[in-house]
Structure formats: C-alpha cells, structure tokens
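Chemist: Protein sequences, first through last, are from chains A, B and C. Its first residue numbered 6, the first sequence is counted upward by one per residue in the numbering used here. Its first residue numbered 6, the second sequence is counted upward by one per residue in the numbering used here. Its first residue numbered 6, the third sequence is counted upward by one per residue in the numbering used here. Just so it is clear, CB atoms sit at the ideal spot from N, CA and C, and this is done for glycine as well. Encoded as structure tokens, here's the structure I'll be asking about.
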Amino acid sequence: MNISEQIKGLSGDITVATVCSHSSLQIFHGAKKEGFKTLGICKGKPPAYYDAFPLARPDEFFTVKEYTDLLKKSVVNELQKKNCIVVPHGSFVEYMKPENFEKLQLPTFGNRKVLAWESDRNKEREWLEYSGLKMPKEVKNPKDIKGPAIVKYHGAKGGRGFFIASDYNSYNENVRDEPHTIQEFIPGARFYFHYFYSPIKEDGYKLSKGSLEMLSIDRRVESNIDELYRWPDNTDIGFTVVGNVPLVLRESLLPKVFKMGKDVVEKSIKLFGGLTGPFCLECIIDKDLNIYCFEISARIVAGTNPFITGSPYADFIQPELSTGRRIAQELKLAMETGKLKEILS
Amino acid sequence: MNISEQIKGLSGDITVATVCSHSSLQIFHGAKKEGFKTLGICKGKPPAYYDAFPLARPDEFFTVKEYTDLLKKSVVNELQKKNCIVVPHGSFVEYMKPENFEKLQLPTFGNRKVLAWESDRNKEREWLEYSGLKMPKEVKNPKDIKGPAIVKYHGAKGGRGFFIASDYNSYNENVRDEPHTIQEFIPGARFYFHYFYSPIKEDGYKLSKGSLEMLSIDRRVESNIDELYRWPDNTDIGFTVVGNVPLVLRESLLPKVFKMGKDVVEKSIKLFGGLTGPFCLECIIDKDLNIYCFEISARIVAGTNPFITGSPYADFIQPELSTGRRIAQELKLAMETGKLKEILS
Amino acid sequence: MNISEQIKGLSGDITVATVCSHSSLQIFHGAKKEGFKTLGICKGKPPAYYDAFPLARPDEFFTVKEYTDLLKKSVVNELQKKNCIVVPHGSFVEYMKPENFEKLQLPTFGNRKVLAWESDRNKEREWLEYSGLKMPKEVKNPKDIKGPAIVKYHGAKGGRGFFIASDYNSYNENVRDEPHTIQEFIPGARFYFHYFYSPIKEDGYKLSKGSLEMLSIDRRVESNIDELYRWPDNTDIGFTVVGNVPLVLRESLLPKVFKMGKDVVEKSIKLFGGLTGPFCLECIIDKDLNIYCFEISARIVAGTNPFITGSPYADFIQPELSTGRRIAQELKLAMETGKLKEILS
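If you want it as structure tokens, here you go:
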C-alpha cells in the first residue's frame, strides 16, 4: 500500500508513533490525553527514563537496529498493521537524515515537502524573504565579512560548530569544509515563536484556508555561549543547544508576530502546498523593535517542552494545552471530519 | 454625570474595558473568568490576534480614531451606557498621555492620583525614599558621574533611549534634550515584584487598612543589553523592553520584600489617599542581599503576563490566579460589599 | 524516647514541621494538600508573610529563641507530643549547623548520615567520583591554578564569598582563612536537576531498591555574577544565590541524567545506607554535551520553588505535583505500608 492508500485505510484505533527523543515525552503525553494508542521507536533497548514518567510512557516500544530500518518493507508492514501515524520531530528527521525521512512509507503528520525548503538554507531564505520577513543579511563572500557574522552549517539545527567571525581571517581559521551559510549577527533578544497552522480548523485567526494559533514562546539555552559572561575568556565558544527557558513577548508586538506566521504559511501554500501543524520562527528582536527571523523549524520544536500543561499563550485557547496535545487534537478533528489526507503525507 | 455619580450608578451588568495591548489578554481573560462582560478599546480595526485566543477575546470592540477621543463627551456617554469600568495599564496611560488619562471621565480601577507621583521621577523618589526604601543614588549634576550611571528619561517606561554613562564625557555624548534622571548603576540581579493592595479585603497580610498580596515575580528582557554578552561589541546598547521571564526569590528575602510593599502602600495613603490594586517594585538585589528599588509601576505590569493560570506565589493563594483575574475579583468584592467607590476613581 | 522509639510511636495524626524559610511555603503547601497538620518553626515572631499565602500557612507556629533550642529536651518533648516529623532544608541545616542538626532528637525525613558526606567537600567528591560522575577537577595546590578556577568555602551553600581566580596571585589576594576547595572552572550552561529517590515506592524507574524520579530542573540566579554582563566592570563579583528560573533539558540527555542520579543513589546505599527523598545534582553542560557535576544537595533545594503546581517533568508523573507535595506523599505511603523507619532517621 502506498501512503495515500494507507491514509484512506486508517480507521478507529490509531497509534501515534515517534522516535524516543527531542519532544517525545510531550507528544506521547498529549496523544494519551486525547485517547490515542502510542508507540515509541527506539534504537536498541527502550529508554528506561520513560519508566519515571508514567503519563508520558508509550503503550508500546518498537526497537530498530538503525533508524533507517524504518525504510524496510517488513518494518513498514509491521507498523502499518498497528495503524500508525508518525509524528516527526527534529531528532527523528536528523537521525534518519532528511532525504531518508522523505521516503518513509508511513502516514506522517504534516507535509513532508517542507523538508526540501527547510533543510537547505538557501531555499529556506528564499521562502522566508518571499514571505516578507526581515532576515539577517547573508554574506555570500566571506571576504565581505565586515562586522560580526555567524557561520552556520546546513542542516545542523543543534548548533554544534557554529561560530562568530568578525572578519575574513577569523572565518578562515575556524571554518570546516561543509556546506554553510554566513549571516550578519543581529544584536538583540532571541524569541522562538511556536505556531500551529491547521488547514482544517476554521475558527480562530483565519488564513486563506484554515487558521493559525500561537502556543508558546521560548528562548534556547546554548552552551557555552549563554553563560560565557561568567568567565569572559571567550576562546572556545559553542552554540550547542542544551535546553530551553519559557518567555513571553511584549504584547504590542503580537500583531506583527501573527502576521509573520500568516505570511509564512500563505507562501508555503503557494510554494509547496502548505506547511501543516506546528512550526517555529526563530527570531531576534533588536532595540528598535525590528524582528529578524534567522530560521524556521517546520515541525514541533523542543522549545515547546517547558509547556506541558499550558503556556501563557495556550492558556488563552484551552486549559492544559501543549503542542503535543494540539497535534493529537488535530488528528482527532481530521478523523472526525474525514480530512486526514489534508494533514498527513 | 461626573465620575462619583457614575460609580454610584454602576449596577449588575458591568463591562470591564481596557486598551488592546500590554496585558489586555490577561485582563480580559481574568474578567471573563469572573463573569464580567469585556470591551476592547482599539485604534482602527480590532486586532486580529485576539481571534487566536478565544478565552481572552473581549465580547466587544470599541474603535477610536485617536486614544484621546476617549476624552470626548459623546464617546464617554457611549461607554457609560455600557456600564464600563476602565482598567488602566502602562500602554493605556502612555497612549493617552498621563495628563489626559487623569481627566478621563469614566470610572477607573485604582487611584489615578498616583499618576502625579509616578510619572515624575523626582516625586517618585520622594515617595519611595519617604517609604524607607533603599534606592540607587541620584546623580544631580552630571559632572559628578564617577562610576557607571544609568540615564533614564521621565515617563519612558519602555526603556528606549536609556544609556549607561561612566563619566561626564560619555554622558554629554549621548544625552538627549529631554527631562531625565541619572542613577548610580547597582551591580546585582533584577527582580520585579508584583504586589496587589486591596483596601477592602481584610484577611491576609494586614495593613493599617486592607491587605497586601504578592502575586508573582518576573525579570524583564531588554534588547539588546540582555543578550549583548553573545557579542560583547557594546557600541550601540539599548534597554528596550521586549519580554519577560518568570522568576522566584530566595525565600528568606520575602519578609523584607513584603515590608517594602507595605511601607510603600502606607506612605501612599498619607501622600495621596492610597495606591490601589496591582503595583510593581522594580528592584536590584546586590551580592550582599541589599534590595535597591529603582522604580515603581502603580498598576498591572506586563511582567505578570507569564502567569495566566497561576504563579509560584499566587498558587499559595488560590488555584489559577492571575493578576488580571485578581483585579476582576476585587471589582466583584467591591460590588458585593458596596465599596466600589473605595477602589475606583 | 530515642528516635527509633519515636518513629514506632508515630500514629494517625502526624504534624509536618520545618523551619520557616528556604522552601517552607512549598513544604507546608504540599503537606496540607496531602492532609497533614503543619507546624512552622521560627526564631522570634511568626513571619507575617505567611498571612499572604493562606494555602501555605502552617496550622501552627512554634517559636524558639535560637534554632539550637531544638536540641533541648523540653523543646523536643513538646514537639514529640505533637507527633512531629521534621522536614529538613538547606537553611534549616545551616541555621542549626550540620553538627547540631545531626543530633536533633526528632524523627527527620531522610537519612541524616548523608550530612557527613555532603558538608565536607572532600567526602562529597569521593562519593560523586566513586559514583562515576564527571566532576570539575580539583586543584589541590593553589600554585597549580593555571586557567580560571572557582574557590568555594566548605558548607557555604549560599555562594557568598566564592570567587574566580585565574592564577596563584589572584587566589592569594582574595582567599579567606577558611576551609575551601578549588575547582577548575567549566565553561558551559548550569542545570540543577531535582531528583526524588524513594526506597519504598516500587513502580517507576527502578533501582536495586525502590525507584527514582526527576521532578524539575532550575537554574540558580546568583548576584551579581549573573547580570554582570550589563556592566562588565568586574572588580567586585559575587555568587550569592538570590533566586531561581525554570529550565528544561534537551531530551536526548535525559538517559544520562537519570543514570547519574541512579549511580549516586546506589553508591550512597553502599556508603552510608542510602540517600532518601529529594536531592539535587548541580551540573554544568559544556558545548560537547559533557555533564560535569560540581555539587550535590541531599535534600529539597530552593530551586524547586518555581514548581508549586507542577513542572515540565512532574506533569508527566501526576498533575499538580511539587517536591513538597511529593515528600508528603512519601510520608503517607510509608505510614500506610508501615515503612516509616525506612525513610526517617
């Protein structure tokens, strides 16, 4: 069965499946709350830490030797029999690699066409700038680095190896032979906005089709850059993501932030049929209240993890709403209204 | 009808009204929870972002061309007919300007006499020092700037344009021709304490009249000063408030912090009949646990926005209590006990 | 009656007692929620700030002149009559001094043998390294300080007086004549992991005996080091703990963090019969995702205070679970199963 046949065949007893990492506790917790069965995909033994979190422990574990085993027919067949819908997250895609994830023969929440636009930083920029978002300028030729610029490797969402170069020399000394992009460094405060776009829910903040929500905001904690002020001997800086803190935004900026989310979704509909479900615009707000978007994540981000039983934004929508739970509600709504094919791919 | 006649006339079906910004989501959410009708005042079209937050969306919008239209008789009459009580916040006052807000002919939560004491930094200092609070020293003559000093413009609560000067020269280079104050810079950690003073609720932490609560604590996020450590090339620093993070205080400091709140209220009663409702003491705690108060905000602050369904302090008072909801409860209590005139002005 | 006789004698109507500071609001709030009577021990007058927090106010206050009065027979007798179980916290131990706290003739939650291993930084290191934890290297001879190193006084959990030395000279200039330890300074992000070890609860993340939970994570706010980037004129740095912010961890690190907790408990069982109840591993995660533990606190830490009605981790265990409440539940479980002697000392 191909994916669209599988989607048609999905009936009552759905299992929500994801890889045990990243935001999986939240995804399972939300799915269980909405009455779904849950399945945790893991490499080797099921991770014991789930035993400590009974409300998030999946009903079942599914062990693979390599994550790419998920491409094998036999494995796919097994998961199909369990009526699985796969919920992707950053580690899931990273562990399988985007090009493999795209080929996964299982019904997957969201539109996987977004992968091509997101994992290549040039196409990502095309999309976001076409949406009218302000972005940090790209420095195409490293010889043109004049002020502080941040060097980012393609696909490396974890931030490992990123560095700040102040000129061509410091660029040359640090750069690795990997595809990367160079952005001007914007002095400001980072905000990671967690949106949810539903093509099938009509009420709310309306788009040309469906509606947009904002569920929460976080700031990433990066090691060691975010505590380097404690010992400003900055010879070996890293940008490795290690955690998240909750954050709220000055309310008068909300109209702009909603418009940004709307424009990104509307353009995605034109470019590739539309981004579906949770996504994150990763932004810096400068002292003049300009909002620069330096990256998009087109699925649930780990920055939603502080908000398991609500957030200062989700609390205005519904009590005890996490992004993981919102995903489960979207699946439910789609099943009830016969629209699964609009939110799966 | 003048305001005190209006207050007398307020009956069953009250509408809580505020300007759509700052902490309005919270104010409406709290008012709705307590059963009030709600009205959002906006310039131009109702802001669409409310559509995304059904539990905070006001029942009705009221459009003005300019916020100062609220001073017009016809507008006042219309709002009077709706049985409106106005809940002020920082942006509301800023958009109308304090001198205009004072003249608003609608029943307003809190004592608007506080405005004169709060919007002038000299009178503010008089009040706080008279209350026994430790404040950063004022530098009256810029020639006396010897260590780091922060230059703040009167009324500019948003922090735009503030700068740090280390001597007379750097002061001269940066200062604008506007009323301002110069404070010594205290090295320490910022804490913004969110109090609620009720002149009519008797149980709790007692004052000479009524009682005092502490509902939450936040730390403001200012751009770009609060992330400048990521690129310490500090030539163009800003103090623009862009958001808030939640915070708790070392418990052994609570007695001192409550005493500070108490003393400020008691003196306010003597000076101008008393501060009513929510207020915020904006403080720095140094390494020797001295608490310096550098500012007071005499109404709900946006720093309460992280706490929509409770805070580590409100949770000890009542489940799911926000400052917005506390305001609505105060209105309810006053209506039930015939004491509206004690909390409105 | 000695303590084990007292424990045997404890019946239905238990009173949870602690000193009014540190995390006492949380401890009382949790105990009340689980139906216990509560008693607040205070020096001098009961602190008025409890009046502001009705859900955390102890049923009764017990005034002492000096905290060491708790060693007096008459005082012990009085508290025994009230069927008291003492819940220790950092300030409780600090106010009485560890050597006195050890002698307290009242049933105490947790194993007080841990004190000897925790209050001496050398034994602490022995325990943690024996558990396989990575620690910042100790610099035994100050002449060997080559890079940044942090100087910490024994027992001083509050962080007062700590300083960073970059060489022998700067060490010599700043050091006080007190027992202290010197650790290499690890550049990274701080995470304070709040575990709960139950020797009597069998389900969950299993240990050789009982089970382990993780209830929350915080980051301490230290004055003035944590805001010194706002004015990097670092001549008078302090590490005084003034508050806490909530934090979540990158999920893929959870297996390692649980293993660390497990290993520390298992070794404690071998070394001194086992750590019981809440404890905290205070860690730094560097840019290569190495986790260094620089300290252990063997009881409830104030870093749990942001989480009165749940945390992003406790929410996966049970709704509205704080560490204070978890302690009360442990007491309840032990009473119901006749195992009080396994969790008291």
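Whole-angstrom Cβ separation of arginine 255(B) and glycine 248(C), contact assumed at under 8 Å?
Modeler: To locate residue 255(B), count along the second sequence from 1; it is residue 250. To locate residue 248(C), count along the third sequence from 1; it is residue 243. About 6 Å separates the two Cβ atoms, so the contact holds.
Chemist: Tell me whether proline 59(A) is buried or exposed, calling it buried when 16 or more other Cβ atoms sit within 10 Å of its Cβ.
Modeler: Here residue 59(A) is taken as the residue at index 54 of the first sequence, counted from 1. Under this definition proline 59(A) is an exposed residue.
Chemist: For chain B, find out if any of its Cβ atoms is closer than 8 Å to the Cβ of isoleucine 222(C); answer yes or no.
Modeler: Taking the first residue of the third sequence as position 1, residue 222(C) is located at position 217. It does not: the Cβ of isoleucine 222(C) has no partner Cβ on chain B nearer than 8 Å.
Chemist: When DSSP builds the beta bridges, which residues end up paired with leucine 254(C)?
Modeler: Residue 254(C) sits at position 249 when you count from the first residue of the third sequence. Note: leucine 254(C) sits in a beta bridge opposite Gly248(A).
Chemist: What are the uninterrupted segments assigned as alpha helix (DSSP H) that are 4 or more residues long and contained completely in the region 215-240 of chain C, given in chain order?
Modeler: Correct list: empty.
Chemist: So, does the region 199-214 of chain C touch the region 170-178 of chain B, judging by three or more C-beta pairs under 8 Å?
Modeler: No: fewer than three Cβ pairs fall under 8 Å.
Chemist: Determine which residues of the region 307-328 of chain B have a Cβ less than 8 Å from any Cβ of chain A, and write them out in chain order.
Modeler: Flagged, chain order: Ala307, Asn310, Pro311, Phe312, Ile313 and Thr314.
Chemist: Sort out for me which residues DSSP pairs glutamate 143(A) with in a bridge.
Modeler: Position 138 of the first sequence, counted from the first residue, corresponds to residue 143(A). Glutamate 143(A) pairs with Gln188(A).
Chemist: Kindly indicate which three-state DSSP category alanine 121(A) falls into: helix, strand or coil?
Modeler: Residue 121(A) sits at position 116 when you count from the first residue of the first sequence. Helix at alanine 121(A).
Chemist: Could you pull out every residue in the same chain whose Cβ sits closer than 6 Å to the Cβ of glutamate 325(C), ignoring the five residues on either side in sequence?
Modeler: Here residue 325(C) refers to the residue found at position 320 of the third sequence. Excluding residues within five positions, the ones whose Cβ falls inside 6 Å are Thr314 and Gly315.
Chemist: Examine chain A for any beta-carbon lying closer than 8 Å to the beta-carbon of valine 246(B), and answer yes or no.
Modeler: Walking along the second sequence from the start, residue 246(B) turns up at place 241. Yes, valine 246(B) lies at the interface with chain A (some Cβ there is under 8 Å from its Cβ).
Chemist: I'd like to check one pair, phenylalanine 284(A) with arginine 304(A): are the Cβ atoms closer than 8 Å?
Modeler: Within the first sequence, numbered from 1, the residue matching residue 304(A) stands at position 299. Within the first sequence, numbered from 1, the residue matching residue 284(A) stands at position 279. Taking 8 Å as the Cβ cut-off, arginine 304(A) and phenylalanine 284(A) qualify as a contacting pair.
Chemist: Can you look up glycine 137(B) in the DSSP assignment and give me helix, strand or coil?
Modeler: Residue 137(B) sits at position 132 when you count from the first residue of the second sequence. It is coil, neither helix nor strand.
Chemist: Give a yes or no on whether the minimum CB-CB distance between serine 213(C) and chain A is below 8 Å.
Modeler: Within the third sequence, the letter at position 208 stands for residue 213(C). Chain A, which has no Cβ nearer than 8 Å to the Cβ of serine 213(C), makes this no.
Chemist: Considering Cα atoms alone, identify which of Lys87(B), His94(B), Ala36(B) and Arg130(B) is closest to serine 273(B).
Modeler: Along the second sequence, read from residue 1 onward, the residue named residue 273(B) stands at position 268. The candidate whose alpha carbon is nearest that of serine 273(B) is Arg130(B).
Chemist: Taking only the alpha-carbon atoms, compute the straight-line gap between asparagine 310(C) and glutamine 31(C) and give it to the nearest angstrom.
Modeler: Here the question's residue 310(C) lines up with position 305 in the third sequence. Here the question's residue 31(C) lines up with position 26 in the third sequence. Distance between the alpha carbons of asparagine 310(C) and glutamine 31(C): 7 Å.
Chemist: Determine the contact status of leucine 111(C) and leucine 84(C), defining contact as a CB-CB distance below 8 Å.
Modeler: The residue you call residue 111(C) lines up with position 106 of the third sequence. The residue you call residue 84(C) lines up with position 79 of the third sequence. Yes, the pair counts as a contact, with Cβ atoms nearer than the cut-off.
Chemist: Sort out for me which residues DSSP pairs alanine 53(B) with in a bridge.
Modeler: Taking the first residue of the second sequence as 1, we reach residue 53(B) at position 48. Answer is none; alanine 53(B) lacks a bridge partner.
Chemist: Measure how close the beta-carbons of leucine 217(A) and glycine 266(A) come, nearest whole angstrom, since I'm counting them as under 8 Å.
Modeler: To locate residue 217(A), count along the first sequence from 1; it is residue 212. To locate residue 266(A), count along the first sequence from 1; it is residue 261. Yes, they are in contact, since the Cβ atoms of leucine 217(A) and glycine 266(A) sit about 5 Å apart, within 8 Å.
Chemist: Closer than 8 Å, CB to CB, is phenylalanine 190(C) near chain A or not?
Modeler: As a working note, residue 190(C) is residue 185 in the third sequence. Yes, contact with chain A.
Chemist: For proline 184(A), is the classification buried or exposed, using 16 other Cβ atoms within 10 angstroms of its Cβ as the cut-off for buried?
Modeler: Position 179 of the first sequence holds residue 184(A). That one is exposed.
Chemist: Determine the direct distance from the alpha carbon of glycine 45(A) to that of valine 24(A), and round the result to whole angstroms.
Modeler: Within the first sequence, residue 24(A) is the residue found at index 19, counting from 1. Within the first sequence, residue 45(A) is the residue found at index 40, counting from 1. Taking the straight line joining both Cα atoms gives about 6 Å.
Chemist: According to DSSP, is arginine 181(B) part of a helix, a strand, or is it coil?
Modeler: Translated into positions along the second sequence, residue 181(B) becomes position 176. In the structure shown, arginine 181(B) sits in coil (DSSP, three-state: anything other than H, G, I, E or B).
Chemist: So with CB distances below 8 Å, who are the chain A contacts of histidine 34(B)?
Modeler: Numbered from its first residue, the second sequence carries residue 34(B) at position 29. Simply Asp320 and Phe321.
Chemist: Counting only Cβ pairs nearer than 7 Å, list the residues of chain C close to arginine 195(B).
Modeler: Working through the second sequence from its first residue, we reach residue 195(B) at position 190. Simply Glu232.
Chemist: Under the DSSP definition of a beta bridge, which residues are partnered with histidine 94(C)?
Modeler: For the purposes of this step, residue 94(C) is taken as the residue at position 89 of the third sequence. In DSSP, histidine 94(C) forms a bridge with Ile305(C).
Chemist: If the cut is a Cβ gap below 7 Å, which residues of chain C does lysine 292(B) touch?
Modeler: On the second sequence, position 287 is the one that residue 292(B) refers to. Going along chain C in sequence order, the residues near lysine 292(B) (Cβ under 7 Å) are Ser228, Asn229, Gly243 and Thr245.
Chemist: Distance, Cα to Cα, alanine 121(A) vs asparagine 105(A)?
Modeler: Counting from one through the first sequence, the residue named residue 121(A) turns up at place 116. Counting from one through the first sequence, the residue named residue 105(A) turns up at place 100. C-alpha separation (whole angstroms): 12 Å.
Chemist: Report all residues from its chain with a CB closer than 6 Å to the CB of phenylalanine 67(B); omit the five preceding and five following residues, and keep chain order.
Modeler: Working through the second sequence from its first residue, we reach residue 67(B) at position 62. Hits under 6 Å: Leu44 and Ile46.
Chemist: Can lysine 151(C) and phenylalanine 167(C) be called in contact, C-beta distance under 8 Å?
Modeler: Against the third sequence, residue 151(C) aligns to sequence position 146. Against the third sequence, residue 167(C) aligns to sequence position 162. No, Cβ-Cβ distance for lysine 151(C) and phenylalanine 167(C) is not below 8 Å.
Chemist: Nearest-angstrom Cα distance between tyrosine 318(C) and threonine 73(B)?
Modeler: Position 313 of the third sequence holds residue 318(C). Position 68 of the second sequence holds residue 73(B). Each residue's Cα considered, the two are about 48 Å apart.
Chemist: Can you name the residues of chain C whose CB is closer than 7 Å to the CB of methionine 219(B)?
Modeler: One-based indexing of the second sequence puts residue 219(B) at position 214. Those within 7 Å of methionine 219(B) in chain C are Ala57.
Chemist: Strictly under 8 Å for the Cβ-Cβ distance: is serine 150(C) near chain A by that measure?
Modeler: Numbered from 1 along the third sequence, position 145 holds the residue referred to as residue 150(C). Strictly speaking, residue 150(C) in this sequence is isoleucine, with serine absent from that position. Not an interface residue.
Chemist: Could you list which residues in chain A have their beta carbon closer than 7 Å to that of glycine 235(B), in chain order?
Modeler: Along the second sequence, read from residue 1 onward, the residue named residue 235(B) stands at position 230. Note on identity: in this sequence residue 235(B) is arginine, with glycine being the wrong assignment. Within chain A, the residues near arginine 235(B) are Ile230.
Chemist: Using 8 Å as the limit for Cβ to Cβ distance, is proline 52(C) near chain B?
Modeler: Position 47 of the third sequence, counted from the first residue, corresponds to residue 52(C). Judged by the 8 Å Cβ criterion, proline 52(C) is in contact with chain B.
Chemist: Among Glu71(A), Asp241(A) and Asn116(A), which one has its Cα closest to the Cα of proline 93(A)?
Modeler: Within the first sequence, the letter at position 88 stands for residue 93(A). Closest by alpha carbon: Asn116(A).
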